[in-house]
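Asks: Sharing a structure with you now.
Number of protein chains: 2
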Amino acid sequence: MKRGINVAIQRLPGYYRYFDKLHSMEIQGVSSAALSKKIGISPSLVRKDICQFGGFGQTAYGYNVKEVRAKLGHILGVDNLRCAVMIGTGCMGHALLRYVRFDAAGFIVVAAEKVSGQTGREISGIPVLNVSELDRVIQIHRPDIAILTPSDIPVQTMARQLAKMGIRGFWNFSGEELALDEPDCFVENVDLVESLLQLSYRIAPGGEAIK
Amino acid sequence: MKRGINVAIQRLPGYYRYFDKLHSMEIQGVSSAALSKKIGISPSLVRKDICQFGGFGQTAYGYNVKEVRAKLGHILGVDNLRCAVMIGTGCMGHALLRYVRFDAAGFIVVAAEKVSGQTGREISGIPVLNVSELDRVIQIHRPDIAILTPSDIPVQTMARQLAKMGIRGFWNFSGEELALDEPDCFVENVDLVESLLQLSYRIAPGGEAIK
């Protein structure tokens, strides 16, 4: 759950992902009714959201997919290639490097782990550097985001150290909840159990009523 | 994004996770002000949510953590041990089996993959069965949920087959979006790029204004 974020902004990445998919399927226009069905809110709220994102007009084919996708991508910074550094390349790190399309979010990734005597190692084409040289890695690559996966360094310690080095965004898969007091730092704790509970509720007796 | 679910219900797993954490820390009461800060909505909306979940009274110490946790856990079905079957035990499957605390969501897991000649194999204590015997596996374990990880079986084909066998919940990590028309089936597509974009927006210039 996000703290105090405008709800339309919370929906923005979902809109972008949908427009991006339509764009890759060469679909040119989409109606607010179709968007409403996809996003799960009323067509009038869709129109309000889209207005808040930049006020795009609708033609007979609905919203112009190419135009809206480009504008939402710009707001999200997808068109501005940035770097993310992954800390730890254990089981979870490996899975993320293999299955998350970081390029679709406008990120290139470098990974750092405790490696000894191994240089030039790569996972899915991503260079793996030594965590003891984190200072140098960050100076070279200037990442905006750190991806924290389970590693033998406590997540709170690691995040504080990275924040001091100028990293502001923390995508936390460590399994430990992370809270940072640094005013310009933002944390996205990924809680998969919460997602599973959501599904669990929907299949429970009575849960389907709220489909 | 969930389709048309009541927003309080969307927040329910987050509340449960927080009350569960407080309970494990042996904290007995929590105020709506503290909940408000944690969940990121106003204290009055917190009171409205809690009322919708069952209407708990507040004492001088706020809500009774033990009581609310038990009630929310019951609504979510956490107190009723169920089974989930994981399809595919590649890199992502392994990571989920190692790092997701399924027991915290009230699930035991069995895994199925294309194994040949290997029986009795386990990952993190979870038995790995042969996907060719899925029928038998499902008859024995009667899972409520399938966890779909990337495997060489197309996710749509696999999900339809599982739905026919009576599985109603699909937690989809395959990377392919899954949509099912079966009226009683529910899909939770986990889109990690959407989560990354959310963080990316917050660290973008101007994004912090909506912290």
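Chains as they are written, first to last, in this note's numbering: chain S, -12 to 198; chain A, -12 to 198. No residue lacks a Cβ here, since even glycine has one placed at the ideal position from N, Cα and C.
1) Going by DSSP, which residues form a beta bridge with A:N176?
2) Along the chain, which unbroken stretches of the alpha helix (DSSP H) at least 4 residues long are found entirely within the stretch 9 to 40 of chain S?
3) Shortest alpha-carbon distance to A:R129 belongs to which of A:R108, A:M73, A:A91, A:D178?
4) Identify, in the order they occur along the chain, each residue of the same chain with its Cβ nearer than 8 Å to the Cβ of A:D7, setting aside the five sequence neighbours on each side.
5) Could you tell me which chain S residues have their CB closer than 9 Å to the CB of A:C70, listed as they occur along the chain?
6) Beta strand (DSSP E) containing A:E100: first to last residue?
7) Quick check: what's the CA-CA separation for S:S161 versus A:V177?
8) Which residue or residues does DSSP assign as beta-bridge partners of A:E109?
9) Locate the alpha helix (DSSP H) running through A:A146, then write down its first and last residues.
10) Is S:R129 close to chain A, meaning its C-beta is less than 8 Å from at least one C-beta of that chain?
11) According to the neighbour-count rule (16 or more other Cβ atoms, all chains shown, within 10 Å of its Cβ), is S:Q39 buried or exposed?
12) Check whether chain S comes within 8 Å of A:P30, counting only Cβ atoms and requiring the distance to be less than that.
13) Starting from A:Y50, follow the beta strand (DSSP E) in both directions and report where the run begins and ends.
14) Compare the beta carbon distance of A:I110 and A:L84 with 8 Å and say whether it is the shorter of the two.
15) Which of helix, strand or coil does DSSP assign to S:I190?
16) Taking the alpha-carbon positions, what's the A:H81 to S:C78 distance?
17) Can you list, in chain order, the residues of its chain with a C-beta nearer than 7 Å to that of S:S18? Leave out the 5 residues immediately preceding and following it.
18) Would DSSP call A:L167 helix, strand or coil?
19) Please classify A:D36 as buried or exposed, where buried requires at least 16 neighbouring CB atoms within 10 angstroms.
20) Would you identify the three-state DSSP class for A:R(-10), choosing helix, strand or coil?
21) Is it true that the stretch 173 to 191 of chain A meets the stretch 149 to 169 of chain S, where meeting means three or more beta-carbon pairs spaced less than 8 Å apart?
22) Tell me whether S:R(-2) sits in a helix, a strand or coil according to DSSP, three-state version.
23) Can you check whether the CB of S:A98 is closer than 8 Å to the CB of S:P114?
24) Assuming A:Y10 contacts A:K58 (C-beta within less than 8 Å), just tell me the rounded distance between them.
25) What runs of the alpha helix (DSSP H), each 4 residues or longer, lie entirely inside the stretch 41 to 91 of chain A?
26) What span of residues does the alpha helix (DSSP H) with A:I125 cover, start to end?
27) Counting only beta-carbon separations shorter than 8 Å, does A:A191 have a partner in chain S?
28) Just to confirm, are A:V180 and S:V87 a CB contact at a threshold of 8 Å?
29) Which residues in chain S have a C-beta closer than 8 Å to the C-beta of A:V87? List them in chain order.
30) Could you check whether the Cβ of S:I95 sits closer than 8 Å to any Cβ belonging to chain A?
31) Check whether the Cβ atoms of A:S138 and A:G93 sit closer than 8 Å, and answer yes or no.
32) Count the other CB atoms, across all protein chains shown, that sit within 10 Å of the CB of S:I127; report buried if there are 16 or more and exposed otherwise.
33) Please classify S:E64 as buried or exposed, where buried requires at least 16 other C-beta atoms within 10 Å of its C-beta.
34) Looking at A:A150 and A:E169, is the spacing between their C-beta atoms short of 8 Å?
35) With 8 Å set as the bound, which would you pick, yes or no: does the beta-carbon of A:G(-9) sit closer than that to a beta-carbon of chain S?
Replies: Inspection of the coordinates gives the following:
1) On the second sequence, position 189 is the one that residue 176 of chain A refers to. Answer is A:N159, bridged to A:N176.
2) With a minimum length of 4 residues, the continuous alpha helix (DSSP H) runs that stay inside the stretch 9 to 40 of chain S are 19 to 26, 30 to 40.
3) For the purposes of this step, residue 129 of chain A is taken as residue 142 along the second sequence, with counting starting at 1. Residue A:M73 is the option with its Cα nearest to A:R129.
4) As a working mapping, residue 7 of chain A is identified with position 20 in the second sequence. For A:D7, where only same-chain residues beyond five positions count, the Cβ hits under 8 Å are R56, G60, A91.
5) Position 83 of the second sequence holds residue 70 of chain A. For A:C70, no chain S residue has a C-beta closer than 9 Å to its own C-beta; the minimum C-beta separation is roughly 12 Å.
6) Walking along the second sequence from the start, residue 100 of chain A turns up at place 113. Looking at the DSSP string, the run of the beta strand (DSSP E) that includes A:E100 is 94 to 100.
7) Taking the first sequence and counting its residues from 1, the one referred to as residue 161 of chain S is at position 174. Taking the second sequence and counting its residues from 1, the one referred to as residue 177 of chain A is at position 190. Their Cα atoms are separated by approximately 17 Å.
8) Within the second sequence, the letter at position 122 stands for residue 109 of chain A. Paired residue(s): A:P114.
9) As a working mapping, residue 146 of chain A is identified with position 159 in the second sequence. Secondary structure note for A:A146: its alpha helix (DSSP H) is the uninterrupted segment 142 to 151.
10) Taking the first residue of the first sequence as 1, we reach residue 129 of chain S at position 142. At a cut-off of 8 Å between C-beta atoms, S:R129 does not count as an interface residue with respect to chain A.
11) Counting from 1 along the first sequence, the entry for residue 39 of chain S is found at position 52. With fewer than 16 other Cβ atoms within 10 Å, it is exposed.
12) For this step, residue 30 of chain A is matched to residue 43 along the second sequence. It does not; no Cβ of chain S falls within 8 Å.
13) Counting from one through the second sequence, the residue named residue 50 of chain A turns up at place 63. Judged by DSSP secondary structure, A:Y50 falls within the beta strand (DSSP E) whose first and last residues are 49 to 51.
14) Mapped onto the second sequence, residue 110 of chain A falls at position 123. Mapped onto the second sequence, residue 84 of chain A falls at position 97. A contact, by the Cβ cut-off of 8 Å.
15) As a working mapping, residue 190 of chain S is identified with position 203 in the first sequence. Three-state result, S:I190: helix.
16) Here residue 81 of chain A corresponds to residue number 94 of the second sequence, with the count starting at 1. Here residue 78 of chain S corresponds to residue number 91 of the first sequence, with the count starting at 1. One C-alpha to the other measures close to 7 Å.
17) Taking the first sequence and counting its residues from 1, the one referred to as residue 18 of chain S is at position 31. Short of 7 Å from the beta carbon of S:S18, and not among the five residues preceding or following it, lie these beta carbons of its own chain, in chain order: G49.
18) Translated into positions along the second sequence, residue 167 of chain A becomes position 180. Of the three classes helix, strand and coil, the one that applies to A:L167 here is coil, per DSSP.
19) Position 49 of the second sequence holds residue 36 of chain A. Label assigned to A:D36: buried.
20) Against the second sequence, residue -10 of chain A aligns to sequence position 3. With a pLDDT of 38 at A:R(-10), under the threshold of 50, the predicted position of this residue should be treated as unreliable, though the coordinate-derived value follows. In the three-state scheme derived from DSSP, where H, G and I count as helix and E and B as strand, A:R(-10) is classed as coil.
21) These segments touch.
22) In the first sequence, the residue the question calls residue -2 of chain S occupies position 11. S:R(-2): helix per DSSP, three-state reduction.
23) Here residue 114 of chain S corresponds to residue number 127 of the first sequence, with the count starting at 1. Here residue 98 of chain S corresponds to residue number 111 of the first sequence, with the count starting at 1. Cβ atoms of S:P114 and S:A98: closer than 8 Å.
24) For the purposes of this step, residue 10 of chain A is taken as residue 23 along the second sequence, with counting starting at 1. For the purposes of this step, residue 58 of chain A is taken as residue 71 along the second sequence, with counting starting at 1. Note that residue 10 of chain A corresponds to His in the displayed sequence, not to Tyr. Their Cβ separation, rounded to whole angstroms, is 12 Å, which puts A:H10 and A:K58 out of contact at 8 Å.
25) Runs found: 52 to 63, 78 to 86.
26) Locating residue 125 of chain A in the second sequence gives position 138, where the first residue counts as 1. A:I125 -> alpha helix (DSSP H) spans 121 to 128.
27) Residue 191 of chain A sits at position 204 when you count from the first residue of the second sequence. At least one chain S Cβ lies under 8 Å of A:A191.
28) Taking the first residue of the second sequence as 1, we reach residue 180 of chain A at position 193. Taking the first residue of the first sequence as 1, we reach residue 87 of chain S at position 100. Less than 8 Å divides the Cβ of A:V180 from the Cβ of S:V87.
29) Counting from one through the second sequence, the residue named residue 87 of chain A turns up at place 100. Per Cβ cutoff of 8 Å: L179, V180, L183.
30) Start at 1 with the first residue of the first sequence, and residue 95 of chain S comes out as number 108. No, S:I95 lies away from the interface with chain A (no Cβ there is under 8 Å from its Cβ).
31) For this step, residue 138 of chain A is matched to residue 151 along the second sequence. For this step, residue 93 of chain A is matched to residue 106 along the second sequence. With contacts defined as CB atoms closer than 8 Å, A:S138 and A:G93 fail to qualify as a contacting pair.
32) One-based indexing of the first sequence puts residue 127 of chain S at position 140. That one is exposed.
33) On the first sequence, residue 64 of chain S is found 77 positions in, with the first residue counted as 1. Checking the displayed sequence, the identity of residue 64 of chain S turns out to be Gly instead of Glu. Its Cβ being crowded by 16 or more others within 10 Å, S:G64 is buried.
34) As a working mapping, residue 169 of chain A is identified with position 182 in the second sequence. As a working mapping, residue 150 of chain A is identified with position 163 in the second sequence. Yes; because the gap between Cβ atoms is below 8 Å, this pair is in contact.
35) On the second sequence, position 4 is the one that residue -9 of chain A refers to. Below a pLDDT of 50, predicted positions are generally treated as unreliable, and A:G(-9), at 35, falls in that range; the measurement from the model is reported next regardless. At least one beta carbon of chain S lies nearer than 8 Å to the beta carbon of A:G(-9).
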